[in-house]
Amino acid sequence: MARKRVKVSSGECSMLTPAQREMLVEVISSVLDDGAQIPWRNMVESSTFANLTYDTLRREGKAVLRQLRQQEKAPKPVHNERVKRRIDEVEETLTEPAPFEDHERVSELEALVDQKDKIIADRNRQIKSLKQQVKELNAAVSDDDEQPAEDEKLQKQVESLQQCISELSAIIASKDMLLAEASARYDTLKEEIRQLVSE
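So the number in our numbering is just where the residue sits in the sequence shown, counting from 1, plus 13.
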């Protein structure tokens, strides 16, 4: 026999509209009657709940389940126990992390790590190239110490190298900024995933 529909208050912090809450109560009540699974993914993709995220809908569903538990007034103890067991089963599914959204966060986190590694590798290549240029210039200066006629040419090479060093320093500074931003985003996403899993 179908359970009597009970009125569930909307609560102070609910993100649901009255129509959405009524629909959510109806769906969860039907699930408790029929022993089926709550179709969270289908619900969040429907037009009724289109403005809600998967996590928000699950959180609101947990609130509805708690209120249904408090308002359960079935006259038969056996029925009460059956409903209580069913509510416990549904609540267990609500405590599981949302795998789809977790996967999106992990993918974004992995992309940031790859970007950070590429920035570091690029900077290391630039530093290595600069060191090689300095080494070649020092060798040229050493070889030409006894050739005053080459002084002007060497001076131009030095000036050119100094210009390269200045430009490379600016590039490295820019890469450092990008690396800092990527690291900050990495830490933020890691904390979000930790909080999501703990919920």
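Backbone N, C-alpha and C define an ideal beta-carbon position, used for all residues, glycine too.
Keep in mind the model is a prediction, meaning the values are calculated, not measured.
Rounded C-alpha distance that separates residue i from residue j
i, j, result
"C177", "K166", "17 Å"
"R138", "K188", "12 Å"
"K141", "Q208", "41 Å"
"P52", "A76", "17 Å"
"G181", "Q145", "Residue 181 is actually Leu in this sequence, not Gly. Going by the C-alpha atoms only, they are around 13 Å apart."
"S173", "L191", "27 Å"
"A193", "V40", "47 Å"
"Q128", "D68", "28 Å"
"V44", "E204", "34 Å"
"Q50", "T61", "19 Å"
"S179", "L202", "35 Å"
"A152", "A186", "28 Å"
"D47", "L29", "24 Å"
"D164", "Q175", "16 Å"
"L125", "A134", "14 Å"
"S130", "G74", "The sequence given here has Asp at residue 130, not Ser. Cα-Cα distance, rounded: 41 Å."
"L37", "Q84", "16 Å"
"K169", "D200", "46 Å"
"S120", "L81", "37 Å"
"V210", "T66", "16 Å"
Residue environment, residue i, which counts as buried when at least 16 other CB atoms sit within 10 Å
i, result
"I184", "exposed"
"V147", "exposed"
"V57", "buried"
"Q33", "buried"
"A197", "exposed"
"E123", "exposed"
"A63", "exposed"
"R79", "exposed"
"R71", "buried"
8 Å contact criterion, which residue i and residue j should meet: CB distance rounded
i, j, result
"V171", "L143", "V171 to L143, Cβ: 14 Å. No contact."
Q. Curious, which full-length alpha helix (DSSP H) runs of at least 4 residues does the region 35–74 contain?
A. 53–58
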